[in-house]
Every structure is written in structure tokens, then in C-alpha cells.
Amino acid sequence: MNRINDAERGEPLYIKVNDKDNVAIVVNDNGLAAGTRFSCGLTLTEHIPQGHKVALIALAQGDSILRYGEVIGYAAHDIARGSWIDESLVVLPEAPPLTSLPLATHVPAPLPPLEGYTFEGYRNPDGSVGTRNMLAITTSVHCVAGVVDYVTKIIEHDLLPRYPAVDGVVGLNHLYGCGVAINAPAAVVPIRTLHNLALNPNFGGEVMVIGLGCEKLQPERLLAGTDDPQSIEIKGASIMRLQDEQHVGFMAMVDEILEIAERHLQKLNQRKRETVPASALVVGMQCGGSDAFSGVTANPAVGFASDLLVRCGATVMFSEVTEVRDALHLLTPRAADEQVGKRMLEEMAWYDNYLDVGKTDRSANPSPGNKKGGLANVVEKALGSIAKSGSSAIAEVLSPGQRPTRRGLIFAATPASDFVCGTQQLASGITLQVFTTGRGTPYGLAAIPVIKMATRTALARRWHDLMDIDAGTIATGKETLDQVGWRLFEMILDVASGRKQTWSDRWCIHNALAVFNPAPIT
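All residue numbers for the sequence shown refer to our numbering, where the first residue is 14 and numbers rise by one.
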């Protein structure tokens, strides 16, 4: 990554990621004015906002526009050297074909193991380890969500003070369960997701399900899981239905839920944190509100931390299919074997078809905010997004909501939506998430801690009590990528141990669950 001059001293600065690149992004806060001259002799022909691309050479119509050493598009018309290349000037290229991608051709050699790193976690009978000790109330249908919300407030106020070892209570509310084609092939996704959400290691194996009684997704079916080879039936769960005859009035329902909750709280209260190896961590990596800095500061630092975690023997998940699809040719060679590579292709093909059925395509991504932050199209966004995966071999590929069977770096297929991706990664068993953002978002999850990393120092300063880590120091040269990556790694261990609290948890900013449902709604 090449920098020109020092933005901290008020001098113009751009970042060129790869020697092949013919564009760079402006680093300075508020952008740079027309006539600005860099030490290399490049002079801007117009004002260019922060994070946006400047042409380092003159480009003719149809010429390739290169960033990250890859083609992100083609010039819509002639572009002068020193000009601003906004999204209107970048013609979207074709997506990589799924029929001719190399599979497992450049499998990375294992990095040297990192030994001796630990955190304070909660061991579970199934061998998993939680970073929290939470009571979760699973729901089989959205109809009961209001009741669950009512009861969780009572549990927080009246019951939790009697069980100090329990960190909190969360209602796993969602919009699924009835008015849906429950037997449609694609219904396996939401059913599998809800089943596996109840098994998240942060819930300690204590499962209670609140149903209505007449819903299509009966609690027994939710607990039985799916016919996935890795699906297990949940046994010993508490089931309560609001429509049962013994409930005369609303408070009768509330009283029974509280009675069931107290039984589970008594068991959860016996759990204690203990020192466990870092290999027990399951960490999700996600980005949202991305900008042009995402792929040069926060996401590469996350990738560095991902490699450190994998070296410890931990499990790391990256996701967001549409933000991987256009960089797939850089990932399939890293598959641990051909079967893993084929699984990546299968998930991409499934999502391509999903978009086709909806009569849309990948050009619907990025968002207006992404574009305002300097991202021209989904290709540029994807090349920055996959930096979160680091450099390790991809050990396994999961369909939406599946649980891993291996440790290491895992691709968990999910939509790119922040809320849906977070929910699906929760179902896949993450116990902590790292979330990078360039535009800013107060995103958080109640069930797990979410560490938020700003791609720009300006954002980290402005949102000083929402961003946990500033990765913008990489752009200005205050810190190296490795230094920020190590800082994130150490914070992961501290947050997982309960020694540090994230800003989203301090303010109790938590998003609702958004279960991915590609099946028909009837």
C-alpha cells in the first residue's frame, strides 16, 4: 500500500493499494480541492471527496479501471489524469463464471501455531464455550413476540437480581412460524436457523420454547431440526403454548413463563467463567456501512486478527454472499480441498438463482451510503470485503444457518444485509462478532458482544462512544496494519472474557433478529 505525504500535517494524501492500480483514494478529511498537487506531480482537475478515486493516469473509454490489482470496471468515457472517478464513470464488469474457477490450486500452508492464548469462558456439556451466560427464550412463531417482550422485562427487573451469575435474558423473536409454506424446500433455511439459534453456546444448553399453539412451525418440529447431517434434535427443552386450556387470562401465561424461566435460571446461575484456550472461540466477521477505506484499513486488520485466531485453533466465519461473489476467483484457490471449493460454487450458484427469481442482480448492491463513501460498485466492495478473511485456507463452507463441523476459517453463506447476516452467523454458533464500518452504524446484538471498528479516524472521533477501535490510523501511518490487528485480537480476548465491554453493550443498542426466509409466504 503506497501513501503520498501526510494527511495529519494537512498535506494531500492518497492511497494506492497495488502497484498495478491506475486509481487511488483520497485520504484527507473533507477531500481535496481542484488544483491540489501531490509530491509525485499528480494535480487534481476537480474537487475529490474523501475516500473517492482519482485517476492516476489518463484512461480512454473502455479501459480497465484497476484497484487492489483487479479490474473493478471499465471507463464509461475518456477520463483525464487527476480526475474524480465516481460510480457513474465505472461500467460494471461481468461476475466471475462459476464453471471455470480454480479450486484448491493455491492452498495456503498453515501458519505457525500461536500457543498460550486463553480467555475466560463458559464451558458447555457439548464441548462448546460461551462468552456470555444468557437465558434465551426461543419462539416458534412471531405471534408470541409481544408476550415474550413483556416477560423479558419482568425477568430482567425481578428475577435476574437473584441470579448474579446470569448475564441477561434475550427473547429470540422473529417473523417466521406461520402463514408460510412450511414444507417448501427453501423452508429448511429458516427452520434450521431457528433450531440452531437455540443452540448458541452463549445460552448454556438451557432451551425454553414459547409457542402459540396453532402455528405451522410447531415447537416439536423446531426442536427436531432438519435433515442436515449435522443437525441434532434438541432434547430436554421446556415447551409452553399460550393457547393451552389452563391459561385463563394473560397473567396466567406470564406466570407459567416466569416459572419455567426460573428453573432455567437456577441451572444457568451455577455456571462460572473458567480459563479456556483461545481455540474455543467462534468469531464472526462482518462489515456494514462500508466505504472505500474498508478494504485498506479495517477489513485487512480484521483479516490479520482472523489469521491470529486461526493460528490459535479458533473458528472464524466470514459471510455475505453478494460481497464475496465478485471476488470468488481469489477465494476458491484457497479452499482446503476441491470439495470445499465446490461447496463455495454451490452456494454462489444458489444465490445467483435466488436473485434471478427475484428479477434482480448484484448491481443492487452497493447502497447509496457505500457510494457516498467512495465505492463505485459491488466488485470494488467485494474486493475490500474479502480482506476480512485474512490469508488462511478455507476449511469449510456452510449453508445459511448451518453449524460448523471443523475449526479454522469458514465461509458461512448469508445475505449481505447486516441484520440477516448477524442472525445467520448467530445460528452458526458465533459467540462474538467483529463489525467494521466506514459510514457508521449503531448495530449490535443482544446475544453476543459486537466489537465495532471504524475504517476512518474522522468517524472514530465523531462517534467516539460508539466505535470500539479506530483503524483509520493505518491510512494516516500512525499504526501499521499488524499493530491494529494485534490490538483487535487482544480486545477479542478481553471482551470474550468479560474484562471489557463494547459500546453497543454499554448503551444496550441491540438489533432485532432477522431470519433469512427464501421460502414462499402464503
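Backbone N, C-alpha and C define an ideal beta-carbon position, used for all residues, glycine too.
What does residue i pair with, by DSSP beta-bridge criteria?
i	result
E409	I423
G326	Answer is none; G326 lacks a bridge partner.
M298	F331 and V447
T152	I223
Y27	V39
A348	I407
F216	The partner list for F216 (beta bridge, DSSP) is empty, contrary to what the question assumes.
L79	V84
F317	In the DSSP output, where bridge partners are listed per residue, F317 has none listed.
G181	M147
E133	T288
According to DSSP, simplified to helix, strand and coil, what is residue i?
i	result
F448	strand
N567	Outside the displayed range of the chain (14 to 535) lies residue 567, so it cannot be described from this structure.
P110	coil
M480	coil
G262	coil
C227	coil
V36	strand
N209	helix
V528	coil
G143	strand
Y87	strand
P203	helix
L105	coil
K465	strand
R538	With the chain represented from 14 up to 535, any question about residue 538 goes unanswered, as that position is not in the structure.
N390	coil
K372	coil
R234	helix
T239	coil
W588	Outside the shown range of the chain, which is 14 to 535, sits residue 588, and nothing can be said about it.
K280	helix
M253	strand
T56	strand
I10	In the structure as shown, the chain starts at 14 and stops at 535, and residue 10 therefore has no counterpart that could be examined.
If contacts are defined as beta-carbon pairs under 8 Å, then residue i and residue j qualify, I think. What distance do you get, rounded to the angstrom?
i	j	result
P462	T118	At roughly 37 Å, the Cβ-Cβ gap does not stay under 8 Å, so P462 and T118 are not in contact.
A532	A47	Their Cβ separation, rounded to whole angstroms, is 53 Å, which puts A532 and A47 out of contact at 8 Å.
V392	S376	About 10 Å separates the two Cβ atoms, so there is no contact after all.
T206	F424	Going by Cβ atoms, the distance from T206 to F424 rounds to 17 Å, so no, they are not a contact pair.
K29	L72	Going by Cβ atoms, the distance from K29 to L72 rounds to 15 Å, so no, they are not a contact pair.
V161	I92	Between I92 and V161 the Cβ distance is about 56 Å, and since that is not below 8 Å, they are no contact.
S106	V84	According to the sequence shown, residue 106 is Pro rather than Ser. Yes, they are in contact, since the Cβ atoms of P106 and V84 sit about 6 Å apart, within 8 Å.
R254	G226	4 Å
S292	G326	3 Å
V40	V67	No, V40 and V67 are not in contact; Cβ-Cβ is about 11 Å, not under 8 Å.
E336	A395	5 Å
E219	L281	6 Å
V410	R356	4 Å
A525	M147	At roughly 16 Å, the Cβ-Cβ gap does not stay under 8 Å, so A525 and M147 are not in contact.
D76	A89	Rounded, the Cβ-Cβ distance is 10 Å, inconsistent with contact.
State buried or exposed for residue i, treating a residue as buried only when at least 16 other CB atoms are found within 10 Å of its CB.
i	result
D478	exposed
A538	No answer is possible for residue 538: it lies beyond the span of the chain, which begins at 14 and ends at 535.
C53	exposed
Q63	buried
Q231	buried
V433	buried
H187	buried
D369	exposed
F306	buried
S303	buried
P379	buried
D34	buried
D431	buried
D339	buried
A122	exposed
W475	It should be pointed out that residue 475 corresponds to Arg in this sequence rather than to Trp. Exposed, since its Cβ has fewer than 16 Cβ neighbours within 10 Å.
I534	exposed
H208	buried
N383	buried
(Q) With a threshold of 8 Å, are at least 3 pairs of Cβ atoms found where one atom belongs to the stretch 290-298 and the other to the stretch 445-457? (A) Because the criterion of three Cβ pairs below 8 Å is met, the stretch 290-298 and the stretch 445-457 touch.
(Q) Any contact between the stretch 272-282 and the stretch 398-406? By contact I mean 3 or more CB pairs, one from each, below 8 Å. (A) Note that the stretch 272-282 does not touch the stretch 398-406; fewer than 3 beta-carbon pairs, one per stretch, sit closer than 8 Å.
Q) Is the stretch 483-492 close to the stretch 310-328, with three or more CB pairs under 8 Å? A) The stretch 483-492 vs the stretch 310-328: in contact.
Q) If we count Cβ pairs, one from each stretch, closer than 8 Å, do we get three or more for the stretch 326-346 versus the stretch 519-527? A) Short answer: they don't touch.
Q) So does the stretch 110-117 actually touch the stretch 349-366, counting three or more Cβ pairs closer than 8 Å? A) Output reads yes: the stretch 349-366 touches the stretch 110-117.
**Q.** Any 3 or more C-beta pairs closer than 8 Å across the stretch 132-140 and the stretch 409-418
**A.** No, because fewer than three Cβ pairs between the stretch 132-140 and the stretch 409-418 fall closer than 8 Å, the two stretches do not touch.
Q. With contact counted as at least three CB pairs below 8 Å, one residue from each stretch, are the stretch 496-512 and the stretch 315-328 in contact?
A. Verdict: yes, contact present.
Q. Can we say the stretch 433-443 touches the stretch 211-218, given the rule of at least three CB pairs closer than 8 Å?
A. Yes: the two stretches touch, three or more of their Cβ pairs being nearer than 8 Å.
Q.
Quick check: the stretch 93-102 against the stretch 62-81, are at least 3 beta-carbon pairs closer than 8 Å?
A. Segment contact: the stretch 62-81 against the stretch 93-102, three or more CB-CB distances shorter than 8 Å; contact assigned.
(Q) Assess contact between the stretch 243-256 and the stretch 188-204, defined as three or more Cβ pairs (one per stretch) separated by less than 8 Å. Is contact present? (A) Too few Cβ pairs lie closer than 8 Å, so no.
Q) Contact between the stretch 359-369 and the stretch 278-292: three or more CB pairs below 8 Å? A) No, because fewer than three Cβ pairs between the stretch 359-369 and the stretch 278-292 fall closer than 8 Å, the two stretches do not touch.
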